[in-house]
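Take a look at the structure below.
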Amino acid sequence: MDELSRLRGLMKEETFKHHGFTDKMRRNILNEIHSGKSKSSYQRRPVLAPMLSAVFMLACLSLFVYFGGSQLGIFEDGQNASQAEFQQLDLQVVEDDINLDNIKLPTVVPFEVVDRTYKKTREDGIDSVSIKLTGPEKQKLTINMDIGLESAIPAMNDPVEIWGVKGSYRENREFGVSHVTWYKDGTLYYVGYKRRSSNILLGKRDLKMIAESFK
Numbered sequence: 000m001d002e003l004s005r006l007r008g009l010m011k012e013e014t015f016k017h018h019g020f021t022d023k024m025r026r027n028i029l030n031e032i033h034s035g036k037s038k039s040s041y042q043r044r045p046v047l048a049p050m051l052s053a054v055f056m057l058a059c060l061s062l063f064v065y066f067g068g069s070q071l072g073i074f075e076d077g078q079n080a081s082q083a084e085f086q087q088l089d090l091q092v093v094e095d096d097i098n099l100d101n102i103k104l105p106t107v108v109p110f111e112v113v114d115r116t117y118k119k120t121r122e123d124g125i126d127s128v129s130i131k132l133t134g135p136e137k138q139k140l141t142i143n144m145d146i147g148l149e150s151a152i153p154a155m156n157d158p159v160e161i162w163g164v165k166g167s168y169r170e171n172r173e174f175g176v177s178h179v180t181w182y183k184d185g186t187l188y189y190v191g192y193k194r195r196s197s198n199i200l201l202g203k204r205d206l207k208m209i210a211e212s213f214k
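Quick look at the structure:
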C-alpha cells in the first residue's frame with residue numbers, strides 16, 4: 000500500500016509532460032491509479048464485527064433452546080431415560096398372610112431381570128414388602144411398600160406427580176442412585192435404583208414411568 004501511495008504522489012500533471020503521453024493515455028493511467036484506491040478501500044472494509052455479532056446471536060439462541068428444553072424435560076443428561084430398555088414384567092406375590100388386594104406391583108422395569116428377591120415383615124399392624132430386582136450389569140431396582148398406613152407424607156425433595164398424587168424424586172449422580180416415593184390409598188411406596196456397573200442412571204421421567212405402571 001505504501002508503494003501505491005508513493006505512486007499516486009508521483010503521478011502529477013508534470014509527470015506526463017515531455018514524455019510523449021497523449022491526453023487519453025494520461026487519463027487512462029490516472030483512472031487506473033485512482034480506481035485501485037477505491038477497490039483497495041472496499042476490500043479493507045472491516046468484516047470481523049459482523050462475524051462476531053453473528054456468532055454471538057447463534058450462541059444466545061443455542062443457550063435459549065437448551066435451557067428452554069431442559070425446563071420442559073426435552074433434554075436430559077447423557078446417560079438417562081431414553082437409554083433404558085424398558086420391559087414388561089409380571090411379578091407375583093404368593094404370601095398367604097398378606098392381603099394381596101392391597102398390593103400393587105410394577106409391570107415395567109428398565110432392564111432384563113436376571114434375579115429377584117422378596118421379603119416381607121409385619122409390625123404394629125403394618126405390612127412391609129420389599130422386592131429387589133437385579134439386572135445383567137448388577138443394576139438393582141428396589142420396591143418397598145408399607146401397607147396399612149392411615150397417612151404418610153414423603154420427605155419432599157424434587158416434586159413429582161404420580162397418578163394425581165404428589166410424590167418426591169431424588170438422585171445422587173456421584174453414587175449412581177435415584178429414587179421416588181409417594182403415598183396412595185393407605186400405602187407408602189418407594190422405588191429406588193442403583194446403577195452399579197451400568198452407565199445408565201434413571202431420571203425422574205424413568206421412575207415416574209415405573210411408578211405409574213403399578214397395578
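For the sequence shown, numbering that gives the first Met the number 0 begins at 0 and goes up steadily by one.
Glycine included, each C-beta is placed from N, C-alpha and C at the ideal position.
Values in this document were obtained by computation on a predicted structure and should not be read as measured data.
With a cut-off of 8 Å on the beta carbons, I'd call residue i and residue j a contact; round off their distance for me.
i	j	result
L201	R172	The pair is not a contact, with the Cβ atoms about 11 Å apart (cut-off 8 Å).
L179	K207	In the sequence under discussion, the amino acid at residue 179 is Val, which differs from the Leu named in the question. The pair is a contact, with the Cβ atoms about 7 Å apart (cut-off 8 Å).
Classify residue i as buried or exposed, calling it buried when 16 or more other Cβ atoms lie within 10 Å of its own Cβ.
i	result
S113	According to the sequence displayed, residue 113 carries Val and not Ser. Exposed, since its Cβ has fewer than 16 Cβ neighbours within 10 Å.
M155	exposed
Q86	exposed
K203	buried
T116	exposed
G124	exposed
Can you give the Cα-Cα distance for residue i and residue j, rounded to whole angstroms?
i	j	result
L187	K131	17 Å
V190	S52	49 Å
D205	G185	24 Å
S196	F110	13 Å
R26	M56	48 Å
V107	V128	18 Å
L90	K103	10 Å
E122	N143	15 Å
G134	F174	18 Å
Which partner residues does residue i have in the DSSP bridge list?
i	result
D157	Y168
L132	R115 and L140
E122	I125
L187	D145 and Y182
Q87	V107
K214	Its beta-bridge partners do not exist; DSSP assigns none.
S177	E170 and Y192
Skipping 5 residues on each side, what residues in its chain have a beta carbon closer than 8 Å to that of residue i?
i	result
Q78	The predicted position of Q78 is uncertain, since its pLDDT is 41 and thus under 50; no value can be drawn from it.
K183	I161, W162 and V164
Return the chain-ordered list of same chain residues with a C-beta closer than 6 Å to the C-beta of residue i, the five sequence neighbours on each side being excluded.
i	result
P105	I209, S212 and F213
T141	K131 and G191
E170	S177
Y168	D157, V159, V179 and K203
K193	K139 and V176
A83	P109, I199 and D205
I'd like the list of long-range same chain contacts for residue i, defined as Cβ closer than 7 Å, with 5 residues on each side in sequence excluded.
i	result
W181	P153, I161, V164, G166, Y188 and A210
D126	I97, K119, I146 and G147
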